[in-house]
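The letter at position 154 of the sequence shown is residue 559 when you use our numbering, and the numbering goes up by one with no holes.
Read through the structure below, which is laid out as structure tokens, and then see the notes.
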Amino acid sequence: MGRFVIDTHVHGQRVAVNFEDREEKPDYATLSKLMWTAEDEDLADEDDEVVTYRNTERLLYDMDIYDVDMVALQPGFGFSDRLHEKMVEEHPDKFVAFAHPYETNRKAVAGEEEWDIDRACEELDERLSKDAFVGIGEMLPFDPTIVERAERMSWEERHDQLRKIYDVAAKHDVPVRWHPGSVNGGYERDPGTLLPDRRDIKYAIDLHLEYPEVPIIIDHGGVQGNWRKNVEESCNVAATYDNVYIEIGNYWSDLIKRPMNDPNIGPEQLIFGTDWGASWIAARNQANRTTGEYDYPPQRWTQIKSRGLQAHQADAWGSTMRQIDEYARETDLPADELNLIMGGNVCRLLDIDPPHKRLFPEYI
Ligand SMILES: [Zn+2]
């Protein structure tokens, strides 16, 4: 798929919940809550019911099969920054990691300490002072207990929190990740509805005015939830500023045309981020093409609730690379442009050295 391929959105850990021995319903909502209670594999003892493991072997297997050179590890819900640091130390040529306030969040969910933005930012600051960590995300940190309380936050309150997070990003010269929407809509007790920045990516403009030097990565390119609104608004933010990057790994081939055909976005602002390792699958529309405004997309990443929790590792790269390949063939996309999307832009953004100089387009 390219000269040097980097997936910017990979979940390289897995959480063993052992639903067989639990009373809770094995559904996605219960799973995301239990994930915050997990103990790291090397610290866990037999009393720990929920344990987080490094999924390194499976990840390296897929990287080899699909010729993916590097990945950016994302914490998502409750994955361990501690284990991410170890993973990067074990494979510094293959992994980098994004940081989140892992300890602050866990203590809040356990009811040990109320969530506090200043402590969350101290934690981010400490994390980003280590070489393993190159950015803040997935999504902008928030108090995970708002989900329990179904508490909607005002923009004024959230804006103050985000300024503090941006202060840390600016200090360490790293990107932040905005995550518009949630999988399958997320309209019930979900940060996708409760937080203004998750409801509306347009708020990114307010922060960018104050912190123009902090780059933004848009998780999933806004394709989660209400994709017609979130993709369109993500593209408007990316068209406004050059240092805003859209992850297109979950786009179907036709949808890639939206940012690529926009003369103010194009291949310099698109990056390959898929969500490898997340609990969702690619579902296909039997018509296999978009036939109208109210049609279901030809291929969409989703959780199918009626099937229950998925036990297998979805083949993220098989499905996503075929969509990008289809787009590239249909539009005769020059390889130089594809190389930017598949890795070149991220090398520049995250200061990653590819194996050789002059692999990506540059002009004197
Ligand atoms: Zn993710």
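All C-beta atoms in this analysis are idealised placements derived from N, C-alpha and C, irrespective of residue type, glycine included.
Here the structure is a predicted model, which means the values were calculated and not measured.
Where does residue i land, buried or exposed, given buried means 16+ other C-beta within 10 angstroms?
i: E638; result: buried
i: A504; result: buried
i: Q691; result: exposed
i: L793; result: Since the first residue of the chain shown is 406 and the last is 769, residue 793 is not available in this structure.
i: A502; result: buried
i: I622; result: buried
i: P668; result: exposed
i: E528; result: buried
i: N750; result: buried
i: N460; result: buried
i: D624; result: buried
i: H761; result: exposed
i: Y771; result: A query on residue 771 cannot be resolved here, the shown segment of the chain reaching from 406 to 769 and no further.
i: S559; result: exposed
i: E767; result: exposed
i: P739; result: exposed
i: I661; result: buried
i: L448; result: exposed
i: P431; result: exposed
i: G682; result: buried
i: G627; result: buried
i: G713; result: exposed
i: S485; result: buried
i: I522; result: buried
Given a cut-off of 7 Å, decide if residue j and residue i are closer than it, judged by their beta-carbon atoms.
i: N655; j: W706; result: yes
i: G483; j: M440; result: yes
i: Y810; j: P601; result: Residue 810 cannot be examined here, being either before or after the span of the chain that is shown, 406 to 769.
i: L755; j: V619; result: no
i: H414; j: D700; result: no
i: N635; j: P585; result: yes
i: G489; j: L478; result: Note on residue identity: the sequence assigns His, not Gly, to residue 489. Contact: yes.
i: W770; j: Q708; result: Outside the modelled stretch of the chain, which goes from 406 to 769, sits residue 770, for which no answer is possible.
i: R487; j: D445; result: yes
i: Y646; j: I676; result: no
i: H564; j: L533; result: no
i: A555; j: R594; result: yes
i: N510; j: P549; result: yes
i: P480; j: P506; result: no
i: G748; j: I541; result: no
i: E742; j: P672; result: yes
i: W583; j: I610; result: no
i: K499; j: M475; result: yes
i: P596; j: R604; result: no
i: L372; j: R633; result: No answer is possible for residue 372: the residues shown for the chain start at 406 and end at 769.
i: Q629; j: S587; result: yes
i: Q704; j: A687; result: yes
i: V493; j: A537; result: yes
According to DSSP, which residues form a beta bridge with residue i?
i: E652; result: I676
i: Q418; result: R459
i: E444; result: V456
i: I541; result: A504 and V581
i: M475; result: I411
i: I621; result: V581 and V649
i: W393; result: One cannot answer for residue 393 here, as it falls past the ends of the chain, which runs 406 to 769.
i: W560; result: Partner(s): none; W560 has no beta bridge.
Any beta carbon from chain B within less than 7 Å of residue i's own beta carbon?
i: L612; result: Any reference to chain B falls outside this structure, which holds one protein chain only.
Three or more C-beta pairs below 8 Å linking the stretch 411-426 and the stretch 448-457
Verdict: yes, contact present.
Contact the stretch 611-631 vs the stretch 567-584: 3+ CB pairs below 8 Å
Short answer: they touch.
Collect the residues with a C-beta less than 7 Å away from any heavy atom of ligand 1 and give them in sequence order along the chain.
Any residue whose Cβ sits closer than 7 Å to a heavy atom of ligand 1 makes the list: H414, H416, Q479, G481, E543, D624, D680 and A683.
Segment contact, 8 Å Cβ cut-off, at least three pairs: the stretch 713-733 with the stretch 648-662:
Touching, yes.
Assess, as a yes-or-no matter, whether the stretch 461-473 is touched by the stretch 505-524 under the definition of 3 or more beta carbon pairs within less than 8 Å.
The count of Cβ pairs closer than 8 Å, one atom from the stretch 505-524 and one from the stretch 461-473, stays below three, leaving the stretches out of contact.
Can we say the stretch 659-667 touches the stretch 427-440, given the rule of at least three CB pairs closer than 8 Å?
Cβ pair count under 8 Å is below three, so no.
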